[in-house]
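Number of protein chains: 2
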Amino acid sequence: MAKTAISPTRSENYPEWYQQVVKAADLAENSDVRGCMVIKPWGYALWENIQRRLDTRFKETGHDNAYFPLFIPMSFLEKEAEHVEGFAKECAVVTHHRLEPNGKGGLQPAPSAKLEEPLIVRPTSETIIGATFARWVQSYRDLPILINQWANVVRWELRTRMFLRTAEFLWQEGHTVHATAEEAQEETRKMLDVYAEFAEGAMAMPVIKGEKTAGERFPGAAATYSIEAMMQDRKALQAGTSHFLGQNFAKAQEIKFQNQAGEFQYAWTTSWGVSTRLVGGLIMSHADDDGLICPPKLAPAHAVILPIFKNDEERAAVLPYCESLKNELSTQEYDGEKLRVRIDTRDLRGGEKKWQWVKRGVPLRVEVGPRDVASASVFAASRLMEKGVGVERAKFVADAPKMLGELQQQLFDRAKRARDEASVVIDTLADFEAFFAEGQPGGLAYAHFTDGPEMEAKCKALKVTPRCVPLEPLLGDDGAGECLFTGGRSERRAVFARAY
Amino acid sequence: MAKTAISPTRSENYPEWYQQVVKAADLAENSDVRGCMVIKPWGYALWENIQRRLDTRFKETGHDNAYFPLFIPMSFLEKEAEHVEGFAKECAVVTHHRLEPNGKGGLQPAPSAKLEEPLIVRPTSETIIGATFARWVQSYRDLPILINQWANVVRWELRTRMFLRTAEFLWQEGHTVHATAEEAQEETRKMLDVYAEFAEGAMAMPVIKGEKTAGERFPGAAATYSIEAMMQDRKALQAGTSHFLGQNFAKAQEIKFQNQAGEFQYAWTTSWGVSTRLVGGLIMSHADDDGLICPPKLAPAHAVILPIFKNDEERAAVLPYCESLKNELSTQEYDGEKLRVRIDTRDLRGGEKKWQWVKRGVPLRVEVGPRDVASASVFAASRLMEKGVGVERAKFVADAPKMLGELQQQLFDRAKRARDEASVVIDTLADFEAFFAEGQPGGLAYAHFTDGPEMEAKCKALKVTPRCVPLEPLLGDDGAGECLFTGGRSERRAVFARAY
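Those sequence lines, one after another, are chains A and B. Residue 476 in this note's numbering sits at position 476 of the first sequence; the count goes up by one each step and never skips. Residue 194 in this note's numbering sits at position 194 of the second sequence; the count goes up by one each step and never skips.
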């Protein structure tokens, strides 16, 4: 059996493999606060690259960034009955505004500083932003309002897993207001497209765009759309959502405007978001039994140079060579950005150092020893190559962008192949049950359905969920059919899967 | 009396003028949560520009970004006795993790979901980051650790003012660990320099770099340095701080490392931060009775183009001209960045539109009507000009970067002149009392001092504070002298002022 850098391997224990990759790649660690993680520099740099690209797209599509309060008055959640029944029950509740000595050498929340109204740490900001929008919107001239916020949010999750589900996480939430339903629907779909293009183009993670079934909608939404990716364990990951909120939130929050005829109307709103969960999706799409593999477009470093020397004399020859190599590489461009190149001069054994970078998933690894200097060459490896190869230095510098492009494509193709191999069209309940039976690999099942208790009960028993009704069916007929669960008429197939 | 866009004017009521500028420039507004503000798109864009520039400098000086939990366990603050006695008493305390129906149609914190240990919303992150660093640091090989975090923090302030003092605010906090005191001290001063260069170079806000007196130090710091700016009302604003924490935090948090000789030693730490308060400083440095003036290097838009037309025919001539003007201008560069140019086509009266942009402080305003189109010219004004002038279009495009550079310099010069005019050397207590007497304009007083109760009592009576002991004295003798308050020997002058 070949030795792997990550133990256990994916096939031995997938959930534990995931935790070990997060650790070995220096992405994050658990903190001293229950359910909250520390995002380490390599993991945060991935998130920064995700942010930068998405932020550019949000601005190109007409959105402005703004910032709204961390806290939501409890009464705001009371007003949103549907909201309260949703996810907002488990949340962090601020009840006091002062600590004082407790008389026993410790501290306590000061009884005299109890808040009249508790504050909730935002689990999402529809209510507080909606209250603000109600002030901003008076006339049709004020519309559309196209706002995005980069922020932290808190949901008191009982079972947490780094990046995938944490009590506090980082995200962006778009919130928009429109004069017509059509415009709001168009916005909802446009941002879903932005997410899908980002997931496939930058993360090399193939996704299915679709609409959620009624039971899976965001509370209060008229329609919820999502992008769904398949991880290597054949479970689905909801990687981004975009909600058409109809006039529901506008009515609860009194977002009204005077139209050109002078009449007052409720506005139409949307919201959409992606989070640090994307980093989890990136890991589970591409990492292998040797650790992370960063898609080049998002890699914190495109290449790392590892100088190898045994003594001061070799060092004196190798280091300047590495420096000038770094400078040359840094002038090359990939995907519109200068190459991000690091030299690792830490005082560590060569093998240990090399494996650290393999586990971190840097796309290109370059080793330079005295013989490479003498022959004007480098020893270079892409993260997907079995072993590296000696190559002429100038050729490597010239080829680096192409190698990155190939790696990006390889990652996408491999993930798409895995997904397609795990996708099936299913037309009978028996096949559905067999596909998701205990001990079977599972995957993505395209099946006709009708929303209702029969489907819900069967899905619950099999521990699967309808992920979405694809907007552009990838598999199966595009028309009507017969619901697996009731035999009733079904207009479209949904994709069913186990999910994170 | 000339009519001004902002009422009251600075001389009529400075604090109220400030609030009106924040409002008129669309920077921020009070939210539904006590002490928390909504940062509106124009204000947030200023902050994004501040962030981008500082972030680049932090990375150039070797720092990595990371992210740590929003919450701090109460026991962490108990361990930091000095810390608790400082600012951490007024804070947001999370005591419950669930809301439930209260039986009266509303919600309540669920009694069954009381946290065993309350959590504090971070007022600053030394304790939680220090606990993490204690795990990261084992050997001298792990040092230095150079980390920065962009985050929101909460301090339950009783009196708040937008940007200057809010319960929640946005900031960055640098946290570093070093093997030696010298290295940590060097880091502390280096980041102070980064702040000062940013304040003067980008914000056009002259600052004094100095060390805080003992009574003004960050709790637990061995030395606190700050940059101090003077606002137009002659009050000082602490615009950034950099703390040399000695081994104090390392001892409380057990941040130890094995040195090259194999011995365990406590590490030396620093922390440093600036916040959205900088936006307040920017406003009070440059805004006038017509509203904000954005320093060009940080302006959300360098130029706005206002098309002027009375009918469809004029519109058809003017709009394409404006579009092509925008495209031309956008290829020009100022300060290493392409010009940020907007066209305002909103359906508003010309005068109203023009004044909105004056109040928002856009550096260059360009009006284009049919006659400008016919003569291939524009009507252009810099925000500091009395009135605009007609100028040949090609010349304006070519000159725009130079005009921005001149405006940036004018703003700095004007602010520096105001500060210098308000700065005095004071050598007797009588002069000191007269300078800060009720009804006097006040300003910055350079005076000899000894730290102690005499100085503190007198300062308190006069409502002034020692802002800092300048590192490079701008005024007065550089050597020893006689303390104004005790007659004792004083090594250096401090700068005294009223402050925000």
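All residues carry an ideal CB built from backbone N, CA and C; glycine is no exception.
Look at Pro41 of chain B: its C-beta is under 8 angstroms from a C-beta on chain A.
Setting aside the 5 residues that flank it on each side, Val358 of chain A is surrounded in the same chain by Ala5, Asp290, Gly291, Arg365, Arg383, each with a C-beta closer than 8 angstroms to its C-beta; the list follows chain order. Within the same chain, His96, Arg98, Leu99, Glu100 come within 7 angstroms of Ala110 of chain B by CB-CB distance, once the 5 residues on both sides are set aside.
For Ser226 of chain B, the uninterrupted beta strand (DSSP E) run begins and ends at 223 to 230, by DSSP. At a beta-carbon threshold of 9 angstroms, the residues of chain B lying near Arg141 of chain A are Arg346, Asp347, Leu348, ordered along the chain. A Cβ of chain B is located within less than 8 angstroms of the beta carbon of Arg98 of chain A. Between His302 of chain B and Ala204 of chain B, the C-beta gap is not smaller than 8 angstroms, which leaves the two residues out of contact.
In chain order, His448, Ser490 place their CB closer than 6 angstroms to the CB of Gly481 of chain A, counting only its own chain and leaving out the 5 sequence neighbours on each side.
Taking 8 angstroms as the CB threshold, Tyr446 of chain A stays off the interface with chain B. Your pair Gln149 of chain A and Gln172 of chain A checks out as a contact, with CB atoms roughly 7 angstroms apart and the cut at 8 angstroms.
DSSP, read as helix, strand or coil, puts Ile129 of chain B in helix. Contact between Phe163 of chain B and Val279 of chain B holds, since their C-beta atoms are separated by about 5 angstroms, short of 8 angstroms.
Interface criterion met: the Cβ of Phe71 of chain A is under 8 angstroms from a Cβ in chain B.
For Leu484 of chain A, no Cβ of chain B is located within less than 8 angstroms of the residue's own Cβ.
Collapsing the DSSP output to three states places His286 of chain B in a helix. Collapsing the DSSP output to three states places Asp478 of chain B in coil. Pairwise C-beta distances place the segment 311 to 322 of chain A out of contact with the segment 35 to 48 of chain B, as fewer than three of them are shorter than 8 angstroms. In summary, Gln440 of chain B is exposed, with fewer than 16 beta-carbon neighbours lying within 10 Å of its beta-carbon over all protein chains present. Taking a Cβ-Cβ cut-off of 7 angstroms, Ser375 of chain A has no neighbours in chain B, whose nearest Cβ is about 32 angstroms from it.
By the Cβ test, the segment 52 to 67 of chain A is in contact with the segment 133 to 153 of chain A, since at least three Cβ pairs between them sit closer than 8 angstroms. DSSP, reduced to helix, strand and coil, places Val22 of chain B within a helical segment of the structure shown. Taking the C-beta atoms as reference points, Lys212 of chain A is found no nearer than 8 angstroms to Cys459 of chain A. Within chain A, the residues placing a beta-carbon under 8 angstroms from that of Ile128 of chain B are Ser31, Asp32, Val33, ordered along the chain. Within chain A, Pro41, Tyr44, Ala45, Glu48 have C-beta atoms less than 8 angstroms from the C-beta of Asn65 of chain B, given in sequence order.
DSSP places Pro401 of chain B within a helical segment (H, G or I) once states are collapsed to three. The criterion of a C-beta distance shorter than 8 angstroms is satisfied by Tyr334 of chain B and Leu404 of chain B. Boundaries around Pro320 of chain A are those of the alpha helix (DSSP H), 312 to 331, since no beta strand (DSSP E) includes it. The beta-carbon of Trp156 of chain B is placed less than 8 angstroms from the nearest beta-carbon of chain A. For Val137 of chain B, not one C-beta of chain A is nearer than 8 angstroms to its own C-beta. Per the coordinates, the alpha-carbon of Glu12 of chain B lies some 38 angstroms from the alpha-carbon of Leu119 of chain A.
Counting only runs of 3 or more residues that sit fully inside the segment 426 to 451 of chain A, the beta strand (DSSP E) segments are 444 to 448, in chain order. For the segment 258 to 272 of chain A, the set of residues with a beta-carbon nearer than 7 angstroms to any beta-carbon of chain B is empty. In the displayed model, Thr9 of chain A falls within coil according to three-state DSSP, outside both helix and strand. Shortest Cα-Cα distance from Gln409 of chain B to any of B:Pro363, B:Tyr140, B:Ala214 involves B:Pro363.
Contacts between Glu168 of chain A and chain B, judged by CB atoms closer than 8 angstroms, involve Pro69, Leu70, Phe71 in chain order. Thr241 of chain B is bridged by DSSP to B:Ser226, B:Gly273.
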